[in-house]
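This report concerns only the one structure given below.
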Amino acid sequence: NAGVTQTPKFQVLKTGQSMTLQCAQDMNHNSMYWYRQDPGMGLRLIYYSASEGTTDKGEVPNGYNVSRLNKREFSLRLESAAPSQTSVYFCASREGLRNAEAFFGQGTRLTVV
Amino acid sequence: GEDVEQSLFLSVREGDSSVINCTYTDSSSTYLYWYKQEPGAGLQLLTYIFSNMDMKQDQRLTVLLNKKDKHLSLRIADTQTGDSAIYFCAESYSGYSTLTFGKGTMLLVSP
Chain A
839 NAGVTQTPKF
849 QVLKTGQSMT
859 LQCAQDMNHN
869 SMYWYRQDPG
879 MGLRLIYYSA
889 SEGTTDKGEV
899 PNGYNVSRLN
909 KREFSLRLES
919 AAPSQTSVYF
929 CASREGLRNA
939 EAFFGQGTRL
949 TVV
Chain B
1144 GEDVEQSLFL
1154 SVREGDSSVI
1164 NCTYTDSSST
1174 YLYWYKQEPG
1184 AGLQLLTYIF
1194 SNMDMKQDQR
1204 LTVLLNKKDK
1214 HLSLRIADTQ
1224 TGDSAIYFCA
1234 ESYSGYSTLT
1244 FGKGTMLLVS
1254 P
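This is how it looks when you write it as structure tokens:
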């Protein structure tokens, strides 16, 4: 049981480049989330998907887009990367209806130069 | 809006008990969580508690909830050096809603 898998684990981008962060869960969870973690800021929510077919903005959505491809996968896209998007990105998932436990992936460490 | 506050740093000696505190502002919070993050790793769910519970115990971990004061604490008994990490408190209104996190408490355990 892999849980929540994020790819890639590390990435360096040049300003203006685009990329997609991938997230997949194998727990049949309904809800999925993208957070970013910056020093001294804790975790801030970028986007979330309460269930398959829905997505909503979180606290810091500017510069990002998301796609809930199916129940398993939730991707985060940076269309034109900026140095301010240098961060550690975490994906999380939760079953929601019968179980409120939320599980996190290992993170993607992104540097934009 | 929702807010979750934690003290930033706690230092204890190995074998002592550690108590990490958290306060939250949203009175409609239903689930309250504690996560552990070791350097370079993701967040590991330690435990969570429903808002209608006062206490939850799991081996060395004890969670206390004072709903009236919106205060949550995590007690780690017989703290070990392997417990050194950042501990995050989080709250959620429902099983489908988002989790709001505090900024984390860095626990340093010295031998």
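Going down the list, the protein sequences come from chains A and B. Under our numbering, the letters of the first sequence match residues 839 to 951, in that order. Under our numbering, the letters of the second sequence match residues 1144 to 1254, in that order. Heads up, the beta-carbon is just placed ideally off N, CA and C, and yes, glycines get one too.
Asked: With distances taken Cα to Cα, identify the nearest neighbour of B/Ser-1255 among B/Ala-1220, B/Ala-1184 and B/Phe-1193.; Found: Residue 1255 of chain B is absent from the model: chain B starts at 1144 and stops at 1254.
Asked: For the candidate residues A/Gln-855, A/Val-898 and A/Met-879, whose alpha-carbon lies nearest to that of A/Tyr-871?; Found: A/Val-898
Asked: Cα-Cα, which of B/Gln-1223, B/Asn-1209 and B/Gly-1245 is closest to B/Arg-1156?; Found: B/Gln-1223
Asked: Which chain B residues sit within Cβ distance under 8 Å of A/Met-879?; Found: Lys-1246
Asked: Kindly indicate which three-state DSSP category B/Thr-1224 falls into: helix, strand or coil?; Found: helix
Asked: Candidates A/Met-879, A/Tyr-873, A/Asn-900 and A/Thr-949: which alpha carbon is nearest A/Ser-887's?; Found: A/Tyr-873
Asked: In chain order, what are the residue ranges of uninterrupted beta strand (DSSP E) at least 3 long that sit wholly in the segment 1171-1197 of chain B?; Found: 1174-1180 and 1186-1193
Asked: Relative to the C-alpha of A/Leu-935, which candidate in A/Ser-889, A/Gln-944 and A/Met-879 has its C-alpha closest?; Found: A/Ser-889
Asked: Can A/Thr-853 and A/Val-950 be called in contact, C-beta distance under 9 Å?; Found: yes
Asked: Considering only residues of the same chain and omitting the five flanking positions on each side of A/Ala-953, which have a CB-CB separation below 6 Å?; Found: Nothing can be reported for residue 953 of chain A, as the shown portion of chain A is limited to 839 through 951.
Asked: Could you tell me the distance, in whole angstroms, from the CA atom of A/Gln-849 to the CA atom of A/Val-926?; Found: 10 Å
Asked: Taking Cβ-Cβ distances shorter than 7 Å, what residues in chain B pair up with A/Phe-912?; Found: Correct list: empty, because the minimum Cβ distance to chain B is about 14 Å.
Asked: Measuring alpha carbon to alpha carbon, tell me which residue in B/Ser-1216, B/Asn-1195, B/Ser-1154 and B/Asn-1164 is nearest B/Tyr-1095.; Found: In the structure as shown, chain B starts at 1144 and stops at 1254, and residue 1095 of chain B therefore has no counterpart that could be examined.
Asked: Give a yes or no on whether the minimum CB-CB distance between A/Ser-931 and chain B is below 9 Å.; Found: no
Asked: Hey, quick one: how far does the beta strand (DSSP E) through B/His-1256 stretch, first residue to last?; Found: The structure shown does not extend to residue 1256 of chain B, since chain B is modelled only from 1144 to 1254, so the question has no answer here.
Asked: State the Cα-Cα distance for the pair A/Ser-918 and B/Gly-1158, rounded to the nearest angstrom.; Found: 50 Å
Asked: Per the DSSP calculation, B/Lys-1211 is bridged to which residue(s)?; Found: In DSSP, B/Lys-1211 forms no bridge with anything.
Asked: Might you give, ordered along the chain, the residues of its own chain that have their beta carbon closer than 6 Å to the beta carbon of A/Glu-837, omitting 5 neighbours on each side?; Found: As displayed, chain A neither begins before 839 nor continues past 951, which places residue 837 of chain A out of reach and without an answer.
Asked: With a threshold of 9 Å between beta carbons, is A/Gly-891 in contact with chain B?; Found: no
Asked: Between the C-alpha atoms of A/Thr-946 and A/Leu-859, what's the straight-line distance to the nearest angstrom?; Found: 8 Å
Asked: Given that B/Thr-1241 touches chain A, what residues does it touch there, using C-beta distances under 8 Å?; Found: Tyr-871, Leu-883, Tyr-886 and Gly-896
Asked: For the candidate residues B/Glu-1148, B/Phe-1152, B/Val-1147 and B/Asp-1146, whose alpha-carbon lies nearest to that of B/Ser-1227?; Found: B/Phe-1152
Asked: If we count the other Cβ atoms within 10 Å of its Cβ and call it buried at 16 or more, is B/Lys-1213 buried or exposed?; Found: buried
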